[in-house]
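Peer 1: Encoded as structure tokens, here's the structure I'll be asking about.
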Amino acid sequence: MKNQSVLDALSQLSDSIKLTFQLISRLSKLSFQPGSTPLQGDGDVRIELSHDIRDALKHHDDTLDSLRQEIEDVVEFGTHSQRRRDSLKDRERARIAAQLARLDEDLKQYVHNDPSLHDYFTDKPYSARSQFRAAQLSSKRASEAAKQKEREILFASLQQPTETDSTSSTTDPLAARRPQPKQLTQDELLINASTDVTSALRRTHNLLTSELSRSRFAQETLDQSTAALADLGERYTDLDSLLSNSKNLLGTLVRSQKSDTWYLETAFYILVTTICWLVFRRLIYGPAWWFLWLPFKFLLLKPFYLLLAVFGITGGSSAAVTAVSSLSSTISTQPTIRLQPSASGDRPTFRRGMDQRPANAVPVGGGGAKAGKDGQPQDPSPAGSMSQSLGQMAEASREQTQPQGEESNEAKGHKEPQRRGDGTILQERGDIPRNPKKKMWEEDVEAPKYQMRKRDEL
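Sequential numbering of the sequence shown, starting at 2, is according to the working numbering.
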């Protein structure tokens, strides 16, 4: 709102306040003549004037509050600096604030400025509503005084004796036509008073009926409000359950998102590792082999091994010599029997003829897929191969050494006893019963168990 419009509104409000105080002054100076107001009820002029003044004061208060709120910020904004206070706008704001304060003061203290009200209201200061209340009381006292005076006149007229003047009736033939004043008896006065009381009671009954209807309406409104609040409570309960379900759903979604994020990150890392490995194998491994490992091997490792061989730290045996020596040692030596600590019972006995077997022979089954036509084992190696030639050389050397051993045994005239690897002499079993705790291999029983265990392991 602009400053000029605010000033216009304040001027209109000031004029309205002056007019309202004129109405208050008129109400305070209102006088009634006996018979001008009805005995039952209040005067119509006084009531209408009071209603007008009350509405005007309420309207003035509302208007003044709205104007105060609108110009408060403007006035405060204009009091920050000395330079702005000297400007024209700041002067207008100051004038608006002064006029607003004057109007507020007029509403609170108007008797001091109005000479017409100064003679009636002696106590100062008076607010507008206080003046209005005093004017109402004054007009009510004047109305009650007029009603009391009217009742006194009416009662005095009823108490005067009725004197019949026969002379006047004879002399004045028109006296019978004149209306005679009606004289009321004591019973009639009592009846009139009872009628007034009855009418007052009826008015009270009507007021009570209206208040009862208002109370019923208030009760119905309260019941409706209670039902609405109950419905609202149910809706809030449903809303709470919905919010709890939403919370659980959000928690589930957050956990799912975390697991999905972990899976995605793991897959991403695996993909990056795979790509790095492929790049290394395809692009880096070959050049690194040729340009890093081979120069390192031939320039550093080979001279280092050569120095170790020269100083005798490492042996100079080759792989071929090692293989031939291991093969010859395997053929010429007989596997020894080791006695385990868990072995118990008597020493095992051998069947007859086992001592006649050559020391370097390995007992195997005569049949099978590798047996030849004459029952002898067949060489599985291809003909003319290096392994077959080595085997033939070993067989020839064994045949040469076996007759020499037999001749030496015959020369000694007795057989050498069979011994274990630990030096125990092996004797024939004879009639000694077999160890009952020693388990024997039963092909038809153990083979299915072995196959079943192997299948379970797979």
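For every residue, glycine included, the Cβ atom is placed at its ideal position computed from N, Cα and C. What you are looking at is a predicted structure, and each value in this text was computed from that prediction instead of being measured.
Where do the ends of the alpha helix (DSSP H) carrying Lys455 lie?
Peer 2: Unbroken alpha helix (DSSP H) run through Lys455: 444–458.
Peer 1: Measure the beta-carbon distance from Ala135 to Ser29 and round it to whole angstroms, keeping in mind my assumption that it falls under 8 Å.
Peer 2: About 7 Å; that satisfies the 8 Å criterion.
Peer 1: Taking only the alpha-carbon atoms, compute the straight-line gap between Phe297 and Ala289 and give it to the nearest angstrom.
Peer 2: Their backbone Cα atoms lie some 11 Å apart in a straight line.
Peer 1: Kindly indicate which residue of Ile48, Gln419, Arg130 has the alpha-carbon position closest to the one of Asp62.
Peer 2: Selected option, being the one with the closest Cα: Arg130.
Peer 1: Are Phe156 and Ile54 closer than 7 Å when you measure CB to CB?
Peer 2: No. Outside cutoff.
Peer 1: For Leu308, is the classification buried or exposed, using 16 other Cβ atoms within 10 angstroms of its Cβ as the cut-off for buried?
Peer 2: Label assigned to Leu308: exposed.
Peer 1: Alpha carbon to alpha carbon, how far is Lys19 from Ala146?
Peer 2: Each residue's Cα considered, the two are about 29 Å apart.
Peer 1: With DSSP collapsed to three states, give me the class of Arg421.
Peer 2: In the structure shown, Arg421 sits in coil (DSSP, three-state: anything other than H, G, I, E or B).
Peer 1: What separation, rounded to the nearest whole angstrom, lies between the Cα atoms of Asp124 and Thr205?
Peer 2: Because the pLDDT of Asp124 is 40, which lies under 50, any placement of that residue in the model is unreliable, and the question is left without a value.
Peer 1: Can you tell me which of the three DSSP states Ile426 falls into?
Peer 2: Correct three-state label for Ile426: strand.
Peer 1: According to DSSP, simplified to helix, strand and coil, what is Met34?
Peer 2: The sequence shown places Gln at residue 34, rather than the Met named in the question. Coil at Gln34, not helix or strand.
Peer 1: Rounded to whole angstroms, what's the CA-CA distance from Thr275 to Thr267? Just pull it up for me.
Peer 2: Each residue's alpha carbon lies about 12 Å from the other.
Peer 1: Does the beta carbon of Ala448 sit closer than 7 Å to a beta carbon anywhere in chain B?
Peer 2: Looking at the structure shown, chain B is missing, and only one protein chain is on hand.
Peer 1: How many Å lie between Leu250 and Asp232 at the Cα?
Peer 2: Cα to Cα, the separation comes out at about 27 Å.
Peer 1: Exposed or buried, what is Phe269 when buried is set at 16 or more other beta-carbons lying within 10 Å of its beta-carbon?
Peer 2: It counts as exposed.
Peer 1: Judging by CA-CA distance, which residue of Leu8, Gln137, Ser26 is the nearest neighbour of Thr100?
Peer 2: Reading the sequence as shown, one finds Gln at residue 100 and not Thr. It is Leu8 whose Cα lies nearest to the Cα of Gln100.
Peer 1: Spatial neighbours of Asp56 within its chain, please: CB distance less than 7 Å, with the 5 preceding and 5 following residues excluded, ordered by chain position.
Peer 2: Closer than 7 Å at Cβ, skipping near neighbours: no residue.
Peer 1: Alpha helix (DSSP H) containing Thr227: first to last residue?
Peer 2: Where Thr227 is concerned, the enclosing alpha helix (DSSP H) stretches over 187–280.
Peer 1: What would DSSP say about Arg435, mapped onto helix, strand or coil?
Peer 2: If DSSP states are grouped into helix, strand and coil, Arg435 belongs with coil.
Peer 1: If you draw a straight line from the alpha carbon of Asp423 to that of Asn436, how long is it in whole angstroms?
Peer 2: In a straight line, the C-alpha of Asp423 is about 21 Å away from that of Asn436.
Peer 1: When the distance is taken between beta carbons, is Leu14 closer than 7 Å to Thr64?
Peer 2: Going by C-beta atoms, Thr64 is nearer than 7 Å to Leu14.
Peer 1: Rounded to whole angstroms, how far is the Cβ of Ala98 from the Cβ of Ile72, which I believe are closer than 8 Å?
Peer 2: Their Cβ separation, rounded to whole angstroms, is 7 Å, which keeps Ala98 and Ile72 in contact under 8 Å.
Peer 1: Hey, how far is the Cα of Ile192 from the Cα of Lys150?
Peer 2: So the alpha carbons of these two residues sit roughly 21 Å apart.
Peer 1: I'd like the span of the alpha helix (DSSP H) that includes Ala310, first residue to last.
Peer 2: Here the alpha helix (DSSP H) through Ala310 covers 303–311.
Peer 1: Using a Cβ-Cβ cut-off of 6 Å (strictly less than) and excluding sequence neighbours within five positions of Ser140, which residues of its own chain qualify?
Peer 2: The residues are Leu28, Leu31, Arg47.
Peer 1: Please classify Ala157: does DSSP put it in a helix, a strand, or coil?
Peer 2: Ala157 falls in the helix class under three-state DSSP.
Peer 1: With the cut-off set at 7 Å, would you say Ala143 and Phe33 are in Cβ contact?
Peer 2: Going by C-beta atoms, Ala143 is nearer than 7 Å to Phe33.
Peer 1: Is DSSP giving Ala384 helix, strand or coil here?
Peer 2: Here Ala384 sits in coil by DSSP.
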